[in-house]
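Let me begin by presenting the structure, written as structure tokens, before commenting on it.
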Amino acid sequence: MIKGYNINKLQEINKPLKLLRGEDNKLRCHWQSNIEDYLLYHDQEWGFPVFNDDKLFENICLEIFQAGISWLTILRKRQLLREIFCEFQIERIASFTEKDISRILHIPKAIHNRRKILSIINNARKTIKIKEELGSLSCYIWKYEETKEHKKESTTTASIQLTENLKKRGFTFIGPTIIKSFMEASGLINGHIKGCINHDKINKIRNNIKQPLILN
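Residue 326 is where the sequence shown starts when you use my numbering, and the numbers rise one by one after that.
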């Protein structure tokens, strides 16, 4: 258990955009609930701007893997997925062959979805083309930063536009909802509810981002 938390005493407030108050008296987005994996992810990762190409690609991949699966399952399998997919190094995944696919499908506790695995490999190859054209995945992705906050909508104008462009570039197994989740996780959209301990912190970081972005 995270120090300072008594998960049995979490108090729900501020409906319908709910916050949870912990025993440390701090408010957090309600979705992290009373599960330690979620709490750590919420406090230390979710929504903090990501600029490293491999990390951005990892976040896209995790959202693809999450389709039809709980996010908690993905978090708990994340280290295994990193080991299987070479820490989500784009160039290495792009070189995967049918032999690698067969290997992955036989790894215990891995996600044995051939379509998703094929999509990850395909998207890595398309990402290399983006890097060759624009210098980095980061510079490409951050052109779609969403300045408005969207808490309830499952998609946004920016997530729709990014999805359409990614599909034109050959990406598969993506849609505006998956991409919105990716954008929130990577800091392109501030998904933290106002009043959450990370809401203003994320806005401050995003406001200090300078263009052009430093590559990786």
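Cβ atoms here follow ideal geometry from the backbone N, Cα and C, with glycine treated the same way. These numbers were taken from a predicted model, which means no experiment stands behind them.
Anyone know if the C-beta pair for residue i and residue j falls short of 8 Å?
i: L406; j: G520; result: no
i: F390; j: K454; result: no
i: I466; j: T488; result: no
i: Y366; j: L344; result: no
i: E474; j: N532; result: no
i: M508; j: S479; result: no
i: F413; j: C386; result: yes
i: H524; j: I518; result: yes
i: F382; j: I415; result: yes
i: T452; j: L459; result: no
i: K456; j: D378; result: yes
i: I499; j: A449; result: no
Under a three-way DSSP split, which group does residue i fall into?
i: R494; result: coil
i: L345; result: strand
i: Q414; result: coil
i: C386; result: helix
i: N377; result: coil
i: S420; result: coil
i: S358; result: coil
i: I455; result: helix
i: A392; result: coil
i: C521; result: coil
i: N515; result: coil
i: N438; result: coil
Excluding the 5 residues preceding and the 5 following residue i in the sequence, name in chain order all residues of the same chain whose CB lies nearer than 8 Å to its CB.
i: I426; result: R439, I442, L443 and I446
i: L430; result: H437, R439 and I442
i: Q486; result: Y469
i: T482; result: E471
i: N528; result: N515
i: D362; result: L397, L400 and R401
i: T502; result: S479, T480 and S484
i: N384; result: V375, F507, A510 and S511
i: R494; result: K451, K454 and I455
i: G329; result: Any reading at G329 must be qualified, since the residue scores a pLDDT of 40, below 50, and its modelled position is unreliable; the value itself is stated next. Once the five neighbours on either side are set aside, the close Cβ partners of G329 are G347, E348 and D349.
i: K340; result: Because the pLDDT of K340 is 46, which lies under 50, any placement of that residue in the model is unreliable, and the question is left without a value.
In the DSSP assignment, find the unbroken beta strand (DSSP E) run with residue i in it and report its ends.
i: C324; result: With the chain running from 326 to 541 in the structure shown, residue 324 is simply not present.
Counting only beta-carbon separations shorter than 8 Å, does residue i have a partner in chain B?
i: K473; result: The structure shown has no chain B; it contains just one protein chain.
Which two residues bound the contiguous alpha helix (DSSP H) that contains residue i?
i: E408; result: W396 to I409
i: C464; result: L462 to I466
i: Q369; result: E361 to Q369
i: H524; result: H524 to N532
i: T481; result: Looking at the DSSP string, T481 is not in any alpha helix (DSSP H), and its letter there is neither H nor E.
i: K473; result: Taken as a continuous stretch (DSSP letters only), K473 belongs to no alpha helix (DSSP H), as it is neither H nor E.
i: P433; result: Counting along the chain, P433 falls outside any alpha helix (DSSP H), and DSSP gives it neither H nor E.
i: L505; result: The sequence as given places Lys at residue 505; Leu does not occur at that position. Here the alpha helix (DSSP H) through K505 covers P501 to A510.
Output needed for residue i: all residues of its chain with C-beta closer than 6 Å, excluding positions within five of it in sequence on either side, in chain order.
i: S506; result: E388
i: G357; result: Rather than Gly, the amino acid found at residue 357 in this sequence is Gln. Hits under 6 Å: Y363, L364 and H367.
i: T497; result: S444 and N447
i: G393; result: none
i: R403; result: none
i: S395; result: none
For residue i, which residues of its own chain have a beta-carbon under 7 Å away from its beta-carbon, when the five flanking residues on both sides are left out?
i: I409; result: I429, I432 and A435
i: E337; result: Confidence at E337 is low in this model, with a pLDDT of 40, below 50, so the placement of that residue should be treated as unreliable; the coordinate-derived value is given next. Here the set comprises K343, L345 and H355.
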